[in-house]
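Have a look at the structure below before the remarks.
In the UniProt record's numbering, the protein residues as written are 1 to 199.
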């Protein structure tokens with residue numbers, strides 16, 4: 001969580017209006033205890049913000065930097081940063097802090113909401129919905145039928161950054177094939193210029 005705390009500090013130092021907004025929300029909860037928020041109050045806040053319940057004990061304990069069972073404003077800023085920059089798992093509803101998997105087609109289609117899964121749900125195959133297993137590759141206008149523009153199925157948040165680079169970073173054929181195997185996709189349109197020499 002230390003890296004997330006550092007990112008939080010940088011984010012709010014560059015976005016004072018966001019920090020003021022977070023302070024207003026914290027102040028609404030704070031009236032129950034001076035300068036700190038209890039887990040019960042934080043639970044009620046989360047129910048108000050995210051109507052679908054989830055067990056937030058692990059999240060609360062990770063946010064509670066000094067382990068006193070209460071959240072300070074700095075602890076709440078970490079939650080606020082996470083809620084603005086991280087997805088909620090579509091299956092278990094947990095706020096994902098680190099690695100998550102997203103349906104590439106939903107992510108790249110402006111007409112759809114993203115469909116994100118935490119690593120645990122992804123590995124437990126909770127993403128078996130036919131809608132996300134049978135996706136055809138998303139193809140922007142002007143691309144040929146056999147152009148590979150991304151994997152079908154799910155990719156992790158780090159891979160998606162590489163896939164969306166402009167200009168795109170060429171993926172080695174091994175990576176492309178591995179993505180296809182992992183996601184159940186089909187590798188098509190491979191040409192000699194997509195094969196890289198690793199020697």
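Ideal Cβ placement from N, Cα and C applies to all residues, glycine included.
Determine the contact status of residue i and residue j, defining contact as a CB-CB distance below 8 Å.
| i | j | result |
| --- | --- | --- |
| residue 104 | residue 153 | yes |
| residue 93 | residue 82 | no |
| residue 121 | residue 113 | no |
| residue 60 | residue 23 | no |
| residue 12 | residue 18 | yes |
| residue 123 | residue 90 | no |
| residue 102 | residue 15 | no |
For residue i and residue j, which I take to be in contact (beta-carbon distance under 8 Å), what is that distance rounded to the nearest angstrom?
| i | j | result |
| --- | --- | --- |
| residue 56 | residue 46 | 6 Å |
Among the options, which has the Cα closest to the Cα of residue i?
| i | options | result |
| --- | --- | --- |
| residue 38 | 69, 48, 15 and 157 | 69 |
| residue 109 | 164, 80, 67 and 84 | 164 |
| residue 28 | 6, 119 and 48 | 48 |
| residue 21 | 102, 76, 86 and 161 | 76 |
| residue 85 | 8, 166 and 1 | 8 |
| residue 3 | 15, 16, 42 and 63 | 63 |
| residue 1 | 79, 88, 14 and 87 | 79 |
| residue 66 | 36, 166, 119 and 155 | 36 |
| residue 50 | 41, 40, 34 and 88 | 88 |
| residue 58 | 115, 95 and 34 | 95 |
Counting only beta-carbon atoms, is residue i nearer than 8 Å to chain C?
| i | result |
| --- | --- |
| residue 62 | Protein chains in the displayed structure number just one, and chain C is not present. |
Beta carbon of residue i: closer than 7 Å to some heavy atom of the ligand ADP?
| i | result |
| --- | --- |
| residue 35 | The model on display carries no ligand, and the ligand ADP is accordingly not part of it. |
Unbroken stretches of the alpha helix (DSSP H), 4 residues or longer, contained in the UniProt domain "EF-hand" (51-86): 57-63 and 73-85
Beta strand (DSSP E) runs contained entirely in the region 3-43, provided each spans 3 or more residues: none
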